[in-house]
Amino acid sequence: MNRREFLKVTGMGAMTVFLSGCGLLGMSGTGELSGKSAKPVAPQEISKGNKLKIVVITGSAHAKGTSAYLADRFIQGAMEAGHSVTRFNAAFEKYHYCTGCDKCKGAGKCIFSDNVEQKLMQPLLEADVVALITPLYYYTFSAQIKGVIDRFYSHTKDQKLKGKNALLMATAYNSSEDTMPALVKNYQAILKILDWKDAGQVLAIGCGARSLIESSRFGGQAYEIGKKL
Amino acid sequence: MKIVVLTGSPVKDGTTNVLAERFIAGAKEAGHDVYRFDSAFKNIHPCVGCDTCGMNGPCIHKDDIENDLIGRLVGCDMVVLVSPLYFAGLTGQLKTIIDRFYSRTESIHRKKSALLVAAGSNDSWMLEAIEAYYKKLTNYMEWSDVGKILAKDCLDKAAIEKTNFPQAAYELGKKL
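Chains as they are written, first to last, in my numbering: chain A, 21 to 249; chain B, -11 to 164.
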């Protein structure tokens, strides 16, 4: 398959993004993994007027790509609302994959003293809100962000990692409404494992290029979520 | 058939290794060629989306994926994904391999495939998430699924050896 055919199959991006205005935030299911997106957060549902600690973890190796744009807009909104943000760009940080050694016992220090352990873990444990922002690679998280999520294991039994508010933001070439369910199901399962609560999703389908996402509604959605937490 | 088995576990002698070994034993007895690539023990790099490959050419990373694995994936008849469930998904190590399909993605289309996973928990929603992923992946890759082993409630090697899942993996390989 050449690139044009790939775009045809997985994308149809350029045209349909304008036509469909795609990726509405729908209603979420309750107990099960519905695979559907969540309703947007109501204004100040989480902060109740207080300043929040937010951790943003990005998965793209493109510093100025589509998902980076969503991260930028979300952070802009959150900062304007007075919240503090720690951003961890997984693709630009030195870290190791979890080796399943279980030295941490799910509640302690990792054997790796890398950037996940030294730069991310403390802000993550203290965070009120965690935003996972990724390009869709083969229908789910990029390897870079999945590697970081796997490292959450070192604190899965730690009360400090439980009960957080989560956000999912993702970008894809494909403009079909059936593009994101596997990612959303994985996200919902992660939330169940960690006892986190979904606080909003931006699922930017039909956004295969920076120009497409900049002219879509998704940047505004990310900004609004940040602003209204 | 030429079969490529991609494993994702960083634990050499763990639950999914049992599944991989049993599957491979069955497949070899049936006369198939098996190449096993243990992603957690190889020199691998994640796709950085540079698109130098143009989806049909050399990757900028001259690692074990580019130098060894990718040609075998292109030339094989069947791809087997073997992974413990980490946060309801494939391990980061195995996801790294899948993302790197990108450089030859069309040439890795239209293979047979199988999924062998093990989870410590017995929550069905955990398996639901990986099944949904596998379905999307196989659909996109135009792979035809020949079988799934979804071993839940298997936290360690001793636990999985008490179940029927290793035998099921063996039989899956044998009947190919």
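Built from N, CA and C at the ideal position, the CB exists for glycine as well.
When DSSP builds the beta bridges, which residues end up paired with residue i?
{"i": "B:Arg24", "result": "B:Val(-7)"}
{"i": "B:Gly37", "result": "Note: B:Gly37 sits in no beta bridge, so no partner."}
{"i": "A:Phe108", "result": "A:Ile77"}
{"i": "A:Gln221", "result": "A:Leu188"}
{"i": "B:Lys100", "result": "B:Met66 and B:Ser132"}
{"i": "B:Ala139", "result": "B:Ala106"}
{"i": "B:Pro167", "result": "With chain B covering -11 to 164 only, the question about residue 167 of chain B has no answer from this structure."}
{"i": "B:Ser71", "result": "B:Val105"}
{"i": "A:Gly226", "result": "BP columns for A:Gly226 are empty, so no partner."}
{"i": "B:Gly77", "result": "B:Tyr74"}
Is it right to say residue i is buried, meaning 16 or more other beta carbons lie within 10 angstroms of its own, or is it exposed?
{"i": "A:Leu249", "result": "buried"}
{"i": "A:Gln208", "result": "buried"}
{"i": "B:Gly19", "result": "exposed"}
{"i": "A:Gly41", "result": "Because A:Gly41 carries a pLDDT of 34, less than 50, the predicted location of this residue cannot be relied on, and no value is offered for it."}
{"i": "B:Pro196", "result": "The requested residue 196 of chain B does not occur in the structure, where chain B is confined to residues -11 to 164."}
{"i": "B:Arg98", "result": "exposed"}
{"i": "B:Phe29", "result": "exposed"}
{"i": "A:Gln241", "result": "buried"}
{"i": "B:Thr40", "result": "exposed"}
{"i": "B:Asp87", "result": "buried"}
{"i": "A:Gly49", "result": "For A:Gly49, the pLDDT reaches just 35, beneath the cut-off of 50, and the residue's location in the model is therefore unreliable, leaving the point undetermined."}
{"i": "A:Gly126", "result": "exposed"}
{"i": "A:Glu244", "result": "buried"}
{"i": "A:Asp198", "result": "exposed"}
{"i": "B:Gly161", "result": "buried"}
{"i": "A:Asp148", "result": "buried"}
{"i": "B:Asn127", "result": "exposed"}
{"i": "A:Lys84", "result": "exposed"}
{"i": "B:Ala146", "result": "exposed"}
{"i": "A:Gly5", "result": "Residue 5 of chain A is absent from the structure shown; chain A starts at 21 and stops at 249."}
{"i": "A:Lys184", "result": "buried"}
{"i": "A:Phe238", "result": "buried"}
{"i": "A:Ser231", "result": "exposed"}
{"i": "A:Cys130", "result": "buried"}
{"i": "A:Ser235", "result": "exposed"}
{"i": "A:Gly97", "result": "buried"}
{"i": "A:Asn194", "result": "buried"}
{"i": "B:Cys38", "result": "exposed"}
{"i": "A:Lys177", "result": "exposed"}
{"i": "B:Lys50", "result": "exposed"}
{"i": "A:Met47", "result": "With a pLDDT of 34 at A:Met47, under the threshold of 50, the modelled position of this residue cannot be trusted, and the question is left open."}
{"i": "B:Gly14", "result": "buried"}
{"i": "A:Phe132", "result": "buried"}
{"i": "A:Asn109", "result": "buried"}
{"i": "B:Gly42", "result": "exposed"}
{"i": "B:Phe75", "result": "buried"}
Assuming the contact rule is C-beta atoms closer than 8 Å, residue i and residue j should be a hit. Round their C-beta distance to whole Å, please.
{"i": "A:Leu214", "j": "A:Leu181", "result": "6 Å"}
{"i": "A:Gly120", "j": "B:Pro34", "result": "That pair is no contact at about 19 Å."}
{"i": "B:Trp113", "j": "A:Lys247", "result": "Not confirmed; about 32 Å, so no contact."}
{"i": "B:Asp65", "j": "B:Asn31", "result": "About 26 Å; that fails the 8 Å criterion."}
{"i": "B:Trp131", "j": "B:Lys100", "result": "7 Å"}
{"i": "A:Tyr115", "j": "A:Asp134", "result": "5 Å"}
{"i": "A:Met189", "j": "A:Phe94", "result": "7 Å"}
{"i": "B:Ser95", "j": "B:Val67", "result": "About 12 Å separates the two Cβ atoms, so there is no contact after all."}
{"i": "B:Leu115", "j": "B:Phe11", "result": "B:Leu115 to B:Phe11, Cβ: 18 Å. No contact."}
{"i": "B:Lys140", "j": "B:Ser91", "result": "Wrong, their Cβ atoms sit about 34 Å apart, outside the cutoff."}
{"i": "B:Ala106", "j": "B:Thr3", "result": "4 Å"}
At least 3 beta-carbon pairs within less than 8 Å: the region 73 to 83 of chain B vs the region 155 to 175 of chain A: yes
Would you call the region 210 to 221 of chain A in contact with the region -9 to 2 of chain B, where contact means no fewer than 3 C-beta pairs closer than 8 Å? no
Completely contained alpha helix (DSSP H) runs for the region 127 to 163 of chain A, where each covers 4 or more residues: 141 to 146
Can you give, in chain order, each stretch of the beta strand (DSSP E) that sits fully within the region 165 to 212 of chain A and has at least 3 residues? 185 to 191
Please determine if the region 50 to 68 of chain B and the region 20 to 30 of chain B are in contact, where contact requires at least 3 C-beta pairs separated by less than 8 Å. yes
For the 8 Å Cβ check, are there 3 or more pairs between the region 73 to 80 of chain A and the region 146 to 166 of chain A? yes
Three or more C-beta pairs closer than 8 Å, one from the region 141 to 157 of chain A and one from the region 65 to 74 of chain B: is that the case here? They do not touch, by the three-pair rule.
I want to know whether the region 110 to 126 of chain B touches the region 199 to 207 of chain A - three or more CB-CB distances under 8 Å. yes
Is the region 1 to 17 of chain B touching the region 146 to 163 of chain B in the sense that three or more CB pairs, one from each, lie closer than 8 Å? yes
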